[in-house]
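Colleague: Pasting a structure below so you can have a look.
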Amino acid sequence: MSTLSDRMKAAGVNSTIKLNSFAAIEGEILLRFENLADDTIDEAASHFINVTAVVEAIWKSQNNEESLPEDALITRMNLAGTLEWAEMNNSQWKTVDDAPGPAAPSSQQLDSDIVEMKPMTIKNYWINGFY
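The following block contains the structure:
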């Protein structure tokens, strides 16, 4: 049996990754990952985190090693944690001085369990079904 700390390290949470968890309503939490590495330093690198493994580690530490419920849903959110990341581009208004620019970033729902955390980035995930 491994500890919560061991499981977090195995999921990619290391000394430069700050993890905050916020209880929302019953059965739901918000996880906020921050890569504190400074991107002006040459050695600063991206880190990869397995979000599902982090959620499972938290669940198992609180529920006597039981498996994560199958109906648990992990959704990427905006920085405030109020809007799904996939819905971000649906709320843009065009003005007369809008110049064509680069395409908006694609939806980053949790298509993969593993997400890249570049230096100085923040990502929020809403976890539903955490009863």
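If you read the sequence shown in my numbering, its first letter stands for residue 9, the second for the next number, and so on.
Beta carbons: idealized from backbone N, C-alpha and C, even for Gly.
(1) Cα-Cα, which of F138, M128 and T11 is closest to E42?
(2) Assess contact between the segment 10–28 and the segment 92–104, defined as three or more Cβ pairs (one per stretch) separated by less than 8 angstroms. Is contact present?
(3) So which of S10, G137 and A45 has the shortest CA-CA distance to N72?
(4) Give the range of the beta strand (DSSP E) segment to which S29 is assigned.
(5) Grab the span of the beta strand (DSSP E) containing W101 for me, first residue to last.
(6) Under a three-way DSSP split, which group does T83 fall into?
(7) May I ask you to report which of helix, strand or coil DSSP gives I66?
(8) Looking only at C-alpha atoms, which of F138, A61 and T90 sits nearest to I122?
(9) Quick one, are the C-beta atoms of T90 and Y133 less than 8 angstroms apart?
(10) Going by DSSP, what residue range makes up the alpha helix (DSSP H) through M16?
Modeller: Looking at the coordinates:
(1) Residue numbering aside, residue 42 sits at position 34 when the sequence shown is read from its first letter. E42 has its Cα closest to that of M128, out of F138, M128 and T11.
(2) Contact between the segment 10–28 and the segment 92–104 is absent, because fewer than three Cβ pairs lie under 8 angstroms.
(3) In the sequence shown, the residue the question calls residue 72 occupies position 64. Checking every option, the nearest Cα to that of N72 belongs to S10.
(4) Along the sequence shown, one-based indexing puts residue 29 at 21. Segment I25 to A31, the beta strand (DSSP E) holding S29.
(5) Numbered from 1 along the sequence shown, position 93 holds the residue referred to as residue 101. Per DSSP, W101 belongs to no beta strand (DSSP E) and is neither H nor E.
(6) As a working note, residue 83 is residue 75 in the sequence shown. It is a strand residue.
(7) As a position in the sequence shown, residue 66 is number 58, starting the count at 1. Residue state, collapsed to three classes: helix.
(8) Taking the first residue of the sequence shown as position 1, residue 122 is located at position 114. Checking every option, the nearest Cα to that of I122 belongs to A61.
(9) The sequence position of residue 90 within the sequence shown is 82, counting from 1. The sequence position of residue 133 within the sequence shown is 125, counting from 1. No, the Cβ-Cβ distance between T90 and Y133 is not below 8 angstroms.
(10) Residue numbering aside, residue 16 sits at position 8 when the sequence shown is read from its first letter. Its alpha helix (DSSP H) spans residues L12 to A19.
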